[in-house]
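Visitor:
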Amino acid sequence: MIPLTWFIALSAVLFMIGVSGVLLRRNIIIVLMSIELMLNSVNINLVAFSYYLGNLRGQIFSVFTIAVAAAEVAVALGILIALVRNRKTFNTDEIDTMRG
Amino acid sequence: MEQLFFCIFAGAAVGSALAVVTLRNPVHSALCLMICFFQIAGLFILLRSPFLAVAQVFIYVGAVMVLFLFVVLLLDVRKVTMEAVPVRNRGVALAVIGVVTVELLVLILGSGFPSAHMGSAGMVTIEAIGRSLFTTYLFPFEVVSVVLLVAMVGAIVMTRERHD
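Residue numbers (the working numbering), protein chains in the order written: chain A, 1243 to 1342; chain B, 36 to 199.
#1: With 16 as the cutoff for other CB atoms within 10 Å, does A/M1340 come out buried or exposed?
#2: With a threshold of 9 Å between beta-carbons, can A/T1247 be considered close to chain B, or not?
#3: Spell out whether any CB of chain B is found under 9 Å from the CB atom of A/I1277.
#4: What is the rounded straight-line gap between the Cα of A/S1276 and the Cα of A/A1254?
#5: Is there a Cβ of chain B sitting closer than 9 Å to that of A/M1243, yes or no?
#6: From B/V62, B/G165 and B/A190, pick the residue whose C-alpha is nearest to that of B/F103; which is it?
#7: How many whole angstroms separate the CB atoms of A/V1310 and B/V182, which I take to be in contact at a CB cut-off of 8 Å?
#8: With H, G and I counted as helix, E and B as strand and the rest as coil, what does DSSP make of B/N124?
#9: Which residue's Cα is closest to the Cα of B/I94: B/F72, B/V49, B/L110 and B/F176?
#10: Please report whether the beta-carbon of B/T136 lies at a distance below 9 Å from any beta-carbon of chain A.
#11: With a threshold of 16 other CB atoms inside 10 Å of the CB of B/R125, please say whether the residue is buried or exposed.
#12: Who does A/N1333 pair with in a DSSP beta bridge?
#13: So, does the CB of A/I1337 fall closer than 9 Å to a CB anywhere in chain B?
#14: Grab me the residues of B/S51's own chain with a C-beta within less than 8 Å of its C-beta, minus the 5 sequence neighbours each way, in chain order.
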């Protein structure tokens, strides 16, 4: 049998890889993909706990997480298309109109 | 035997996640993320939830990543040059991420989580999930459908050509 701690450790490692992608990359598309990676790591955590506690709530929660993440990706890519159409760049450092 | 499969899926997931974050070409990153999602679907099968595994493959690999690839296709990514993260900031960020990762792993692997072996739990059936979604969690289910409608309308409104 697989110990529960292995799943939680894997979820933590994937989450930190996603965080490093958001913090260290300047390409907007890579940043959005790293956010999806973080959401998936949370899903692994939820389903692992659902299995080990014999409860169904974790899986229902992750169904909702998947649905909301899909909606968020649609909106984020819409924003990305509108932004690139105006600014002609993918680099997050050059999108600084709102910087004080 | 299950531990062997877990190690294969987990190793492939971590490897492809690192590839997503480090590769230069966004198309390569998107394909590696698809591989990562397939490994996560395999992990869901190991956790006796086939519905979630198939939903993960359909929604994440089949819809979300295809959407990413369409966006990368529509917008010209050939002009993306080498990104310039200042070396000083990159070092600080890497150090902080490394410290937090080590701390998380120490706390998780050293904790006294009771490794409850729910080996007797069978496959979670779609009937159980459906029954739960439509009785106990009916309100969040309806709210999520409204969220999806709003996201759809918002994405269409934002990508429309302005006629003013």
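In this text, a Cβ means the ideal position worked out from N, Cα and C, and glycines have one as well.
All values derive from a computational prediction rather than experimental measurement.
Guide: Put simply:
#1: exposed
#2: yes
#3: At a cut-off of 9 Å between beta carbons, A/I1277 makes no contact with chain B.
#4: 14 Å
#5: yes
#6: B/V62
#7: 6 Å
#8: helix
#9: B/F72
#10: yes
#11: exposed
#12: A/N1269.
#13: Residue contact with chain B for A/I1337: absent (no Cβ-Cβ distance below 9 Å to any residue of chain B).
#14: C67, L68, I70, C71 and Q74
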